[in-house]
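Read through the structure below, which is laid out as structure tokens, and then see the notes.
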Amino acid sequence: MPLTFYKKPALVAYVTCGDPDLATTRDIVLAVIEAGADVIELGVPFSDPVADGPVIQRASERALKQGTSLAQVLTLAAEIREQAQSTGLIVFSYLNPILCMGMEKFCKVARAAGVDGALVTDLPVEEAGEYLRAMREHDLAPVFLAAPTSPDARLRRIAEASLGFVYAVSRTGVTGQRQQLADDARKLVQRLRRVTKLPIALGFGISNAEQFAEVGEFADAVVVGSAIVDTIERNRGGEAVAVGAFVRGLFARSYHPAAYAR
Amino acid sequence: MATSAKATAKVGNSRSLDFAAPLRGKGAASLGMTDRGSSEPGRFGVYGGRYVPETLMAALEELEREYEKAKRDKKFQARLDELLKTYAGRPTPLFFARRLTEKLGGAKIYLKREDLLHTGAHKINNCLGQALLVERMGKHRVIAETGAGQHGVATATVCALLGFECVVYMGTEDMRRQELNVFRMRLLGAEVRGVDSGSRTLKDAINEAMRDWVTNVRTTHYLLGSVLGAHPYPTMVRDFHRVIGREARAQILRAEGKLPTAIIACVGGGSNSIGIFYEFLKDKKVQLIGVEAGGRGAALGDHAARFRGGSPGVLQGTYSYVLQDSAGQIALTHSVSAGLDYPSIGPEHAALRDAGRADYVPASDAEALEATTLLARTEGIIPALESAHAVAEVVKRAPKMKKSDVVIANISGRGDKDIGILRENLKID
């Protein structure tokens, strides 16, 4: 199973698929993998992304204008899997596109494409019974979000339902870059450590080498999303090269990128 | 809820996947695919539920707990009743529409006059209820979404009354067409934030309100304005509006000595309709008719009739009928009435429809506009364009009914806010 964190901290990189188009997304993802990402979150664009800030909202709009669908994202996953056998691939989606495809079909197609797991933003553990069953049947890892506002009892439940890793949300809020890391982040990871031995990835608002290194002190992996999508938005025509350089830059304070690049 | 140490260790030992983790919790047959029974809190048949980002879950649980406590708290209920009476103006009259009845020549028509409430619509019922909950929870900042602006005005009003900071999200298209209500909210001290994404209407305002809530959840209450969203909202908002049906039932028994043949109400999210329907659910002979926005045509994007062309899906926290494309992306909608212009519908309506207990029909933009003029000229009442959809169904249905039949139409709001749209469309200057 390639859903493994090879280095410390590992990098989980998010991209909105289909922004600016699916062929470019493939090139971007391959560049991110080459630069040393451990896990890729393939973002499925949704018309009503309530958990996302302006950067991913705009990317989703661009991707939907291209007609990007969940089915296409899964085809893209298969293409990426052919090129990269040891990188984790996670589908990152809102629930409705998955419901629309059908839970069972989604899991079947995702597994066949070489996807390792999924994270469904608006699916809390209480509502996830059928999802968990289908995911387990198809050997897929359900990754759940843990929030600073989640009481310990919820954290336990989230950790129990999760496989692969737990995604800790660094602060209350939507996705997007922030100057400073909230105090919430460290506390949440500490609370999670008490209820699970699963690796913990911390995300939301992390965009530079300093923050990457800081998070690396207490979490197993760092999720970077909006900063990558922002780099894509700012580098029309040269997206893959720019994103590859950005990702290598993230590692600057943590370790030598060449040591991990594949 | 207790963690099995063994299972945890097992999952954690390898950094790869482990599928031995036990499935726990009551959600084992969820996603609305299996009927979990209406007895489960927050579920209406297969519909409803709580589909939100994890950050909001604790706040929803807190709100549910507080609401359950408040429901049983006599002081809370007494204070709410007092405000409904002395501040909002309850009870509202049930008015016999004699000239409209004569003109249509069939069933006797009564109008439940929610338009006479303070702020001009039924929305104040729910806003007062939730505002008292905000006080109990010790929060000081209230956010809300609004379509037609009626819920925004009612929210701004209760925030002024109780001294809360108030931010209302409103699509810029709705701000344009409901300009008067934007000014009213600002006059009341609320901050109105325009939302420029998507169709720039109600759905987009809810998205933005949810983003605010997810960010400020520790200090802020989201005063959701309809029977939509995650549990406990659909149940709680319904309960705050049940007073409409309770009054109407007693009033019609007094006036006619019998229950009505039919009750007709418009359905955007569905708060005024569920409010008037609810007390009649057990009276199986009373037909319940919800009227959706038929817009300008039957094609996806031209209307907001979720039961004509919609299918079950999850939007903004709840599982219900949704207008969506074949890939699960939410469709754009259209209605002349901003308050009905929304791609999903309250989950309890979806359950009532599936069970055959309520019927849902569309009324077009043109029919609603015509009904507005008719009610204005036969009864001297200018209904909100939302409520005019209910009147449009009365116009179609009453003539086919017997003179001994009785119909109640819920006039959920008044039409002052729509003067701009009416001028554009009616050309009577």
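Chains as they are written, first to last, in my numbering: chain E, 1 to 262; chain L, 263 to 691.
We put the CB at the ideal spot given by N, CA and C, even for glycine.
Residue i at chain E interface by Cβ criterion, 8 Å
i, result
"L/Leu602", "no"
"L/Gly575", "yes"
"L/Ser649", "no"
"L/Met432", "no"
"L/Arg327", "no"
"L/Gly590", "yes"
"L/Gln586", "yes"
"L/Ser582", "no"
Residue i, buried or exposed, once every other Cβ within 10 Å from all chains shown has been counted against 16
i, result
"L/Gly682", "exposed"
"E/Val174", "buried"
"E/Val91", "buried"
"E/Phe106", "buried"
"L/Thr580", "buried"
"E/Val243", "buried"
"L/Thr354", "buried"
"L/Leu631", "buried"
"L/Ser588", "exposed"
"L/Ala620", "buried"
"E/Val241", "exposed"
"L/Thr296", "With a pLDDT of only 48 at L/Thr296, under the threshold of 50, the placement of this residue in the model should not be trusted, and no figure is reported."
Residue closest to residue i, alpha-carbon to alpha-carbon, out of the options
i, options, result
"E/Ala59", "E/Gln72, E/Val44, E/Val109, E/Gln180", "E/Val44"
"L/Gly642", "L/Ile690, L/Gly677, L/Gly590", "L/Gly677"
"E/Gln83", "E/Ala113, E/Phe165, E/Leu99, E/Glu104", "E/Ala113"
"E/Gly238", "E/Thr24, E/Thr4, E/Leu42, E/Ala10", "E/Thr24"
"E/Asp38", "E/Thr231, E/Gly164, E/Ala128", "E/Gly164"
"L/Met432", "L/Ala452, L/Phe426, L/Leu423, L/Leu424", "L/Ala452"
"L/Ala593", "L/Val548, L/Gly571, L/Met399", "L/Gly571"
"E/Lys187", "E/Ala146, E/Cys17, E/Gly225", "E/Ala146"
"E/Arg111", "E/Leu22, E/Ala159, E/Met135", "E/Met135"
"L/Tyr313", "E/Tyr94, E/Thr172, E/Ala35, E/Gln66", "E/Tyr94"
"E/Val109", "E/Ser47, E/Ala63, E/Ala78", "E/Ala78"
"L/Ala567", "L/Val576, L/Gly575, L/Val584", "L/Val584"
"L/Ile536", "L/Thr523, L/Pro496, L/Gly409, L/Gly519", "L/Pro496"
"E/Pro159", "E/Phe212, E/Val55, E/Ile200, E/Gly36", "Sequence inspection shows Ala at residue 159 of chain E; the Pro mentioned does not correspond to that position. Cα-wise, what sits closest to E/Ala159 is E/Ile200."
"L/Arg327", "L/His380, L/His493, L/Arg438, L/Arg375", "L/His493"
"L/Thr481", "L/His565, L/Val396, L/Arg438", "L/Val396"
"L/Ala510", "L/Arg500, L/Phe542, L/Leu490", "L/Phe542"
"L/Ala671", "L/Ala617, L/Arg615, L/Gly507, L/Ala467", "L/Gly507"
Pair within 8 Å by beta-carbon distance, residue i and residue j
i, j, result
"L/Ala359", "L/Lys664", "no"
"L/Ser488", "L/Gly608", "yes"
"L/Lys465", "L/Pro605", "yes"
"L/His596", "L/Gly552", "no"
"L/Gln586", "E/Cys100", "yes"
"L/Leu442", "L/Lys679", "yes"
"L/Glu655", "L/Ser674", "no"
"L/Val476", "L/Leu318", "yes"
"E/Ile40", "E/Thr87", "yes"
"E/Met224", "E/Leu30", "First, the amino acid is wrong: residue 224 of chain E is Val here, not Met. Not closer than 8 Å, so no."
"L/Ala612", "L/Tyr349", "no"
Any C-beta of chain L under 8 Å from that of residue i
i, result
"E/Cys17", "no"
"E/Leu181", "no"
"E/Arg186", "no"
"E/Thr87", "no"
"E/Thr231", "no"
"E/Val215", "no"
"E/Asn96", "yes"
"E/Ser69", "yes"
"E/Leu22", "no"
"E/Glu126", "yes"
"E/Ala147", "yes"
"E/Leu202", "no"
"E/Thr25", "no"
"E/Ser226", "no"
"E/Phe268", "The displayed coordinates of chain E run from 1 to 262. Any statement about residue 268 of chain E would go beyond what the structure contains."
"E/Val50", "yes"
"E/Asp152", "no"
"E/Gln177", "no"
"E/Cys107", "no"
Practice task
Mind listing, in chain order, the continuous alpha helix (DSSP H) runs of no fewer than 4 residues lying wholly within the region 92-176 of chain E?
Solution key: The region 92-176 of chain E contains these whole alpha helix (DSSP H) runs: 95-101, 103-113, 129-137, 152-161.
Problem - Entirely enclosed beta strand (DSSP E) segments - the region 437-471 of chain L, minimum 3 residues - result: For the region 437-471 of chain L, whole beta strand (DSSP E) runs of length 3 or above, ordered along the chain, are 453-457.
Problem - 4-residue-minimum alpha helix (DSSP H) runs that sit fully inside the region 20-103 of chain E, ordered along the chain - result: Whole alpha helix (DSSP H) segments, 4+ residues: 22-35, 54-65, 70-83, 95-101.
Practice task
Any chance you could list the alpha helix (DSSP H) runs of at least 4 consecutive residues sitting entirely within the region 398-429 of chain L, in chain order?
Solution key: List check, alpha helix (DSSP H) in window: 412-424.
Practice task
At 4 residues or longer, and completely inside the region 582-639 of chain L: list those alpha helix (DSSP H) runs for me, N to C.
Solution key: If only uninterrupted alpha helix (DSSP H) runs of at least 4 residues are considered, those enclosed by the region 582-639 of chain L are 609-616.
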